[in-house]
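Chemist: Structure incoming, see below.
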Amino acid sequence: MKKTILSLALTAVTVLSAMSLHSCGLVDFDHSENGHLDGYWHLVSVDSLDNGTTTDLSQKRYYWAVQGTLLQLYSPDWQSGQRFVSQFRYQNATFTVLEIHVDRRYEGDPVVDDINWVRPFGLNNITETFQVDNLSGRSLTLSTADLRLRFKKM
């Protein structure tokens, strides 16, 4: 009984959240052309293309959530579980992360002005364009001139 009530409550919250974002015009869920890109991605490794080293993050919890035109960066282990939000552009095998904001509604979602806040998520610039090297229903690989990011879909 408790599981059923909890399941119904979580479903209701999810649906209401989606409807709220959609009604505000922030996300057009009905017409997302992102294909396999939409979803919850776990950053599992970062390759430095400058020196050939790989940082294994598979045991860390760095996540990118992609839906419509919104990107959320989240790690329960980083910055006390702080969330970051951004809009992005996905076209012609490129993924561009636009201006990043700290997810603090009560402060008006301030703009991130220190790259070190989001560097653990594989970003070296506040606005960053990645080449989409691989995208399937299970994996995603993004690269810049300096880094290659590998993700697994959750």
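Using the numbering used here, the letters of the sequence shown map in sequence onto residues 185 to 338. Glycine is no exception: its CB is placed at the ideal position from the N, C-alpha and C atoms. Keep in mind that this is a model prediction, so the values were computed, not measured.
Taking C-beta to C-beta, are residue 246 and residue 227 nearer than 8 Å?
Modeler: The count along the sequence shown starts at 1 and reaches residue 246 at position 62. The count along the sequence shown starts at 1 and reaches residue 227 at position 43. It is a contact, given that the beta carbons lie within the stated cut-off.
Chemist: Note down the Cα distance separating residue 233 from residue 309, rounded to an integer number of angstroms.
Modeler: The residue you call residue 233 lines up with position 49 of the sequence shown. The residue you call residue 309 lines up with position 125 of the sequence shown. Each residue's Cα considered, the two are about 16 Å apart.
Chemist: Measure the C-alpha to C-alpha separation of residue 319 and residue 292 and round it to an integer number of angstroms.
Modeler: Position 135 of the sequence shown, counting from 1, holds the residue named residue 319. Position 108 of the sequence shown, counting from 1, holds the residue named residue 292. Computed Cα separation, rounded: 34 Å.
Chemist: Pick out the complete beta strand (DSSP E) segments inside the region 262-310, 3 residues or longer, and give them in chain order.
Modeler: Taking only runs of at least 3 residues, the beta strand (DSSP E) segments lying wholly in the region 262-310 are 267-275 and 278-286.
Chemist: Please determine, among 250, 252, 230 and 237, the residue with the shortest C-alpha to C-alpha distance to residue 243.
Modeler: By 1-based counting over the sequence shown, the position of residue 243 is 59. Cα-wise, what sits closest to residue 243 is 230.
Chemist: Residue range of the beta strand (DSSP E) that residue 333 falls in?
Modeler: Residue mapping note: residue 333 aligns to position 149 of the sequence shown, counting from 1. Note, residue 333: beta strand (DSSP E), 331-337.
Chemist: Short of 8 Å in beta carbon distance, which residues of its chain neighbour residue 240, apart from the five on each side in sequence? Order them along the chain.
Modeler: To locate residue 240, count along the sequence shown from 1; it is residue 56. Result list for residue 240: 228 and 229, in chain order.
Chemist: Starting from the Cα of residue 254, find the closest Cα among 217, 324 and 335 and give me that residue.
Modeler: Reading the sequence shown from its first residue, position 70 is the one you call residue 254. Nearest of 217, 324 and 335 to residue 254, Cα basis: 217.
Chemist: If you draw a straight line from the alpha carbon of residue 324 to that of residue 290, how long is it in whole angstroms?
Modeler: Here residue 324 corresponds to residue number 140 of the sequence shown, with the count starting at 1. Here residue 290 corresponds to residue number 106 of the sequence shown, with the count starting at 1. Going from the Cα of residue 324 to the Cα of residue 290 covers about 33 Å.
Chemist: Going straight from the alpha carbon of residue 221 to that of residue 294, what length do you get?
Modeler: Locating residue 221 in the sequence shown gives position 37, counting from the first residue. Locating residue 294 in the sequence shown gives position 110, counting from the first residue. Distance between the alpha carbons of residue 221 and residue 294: 26 Å.
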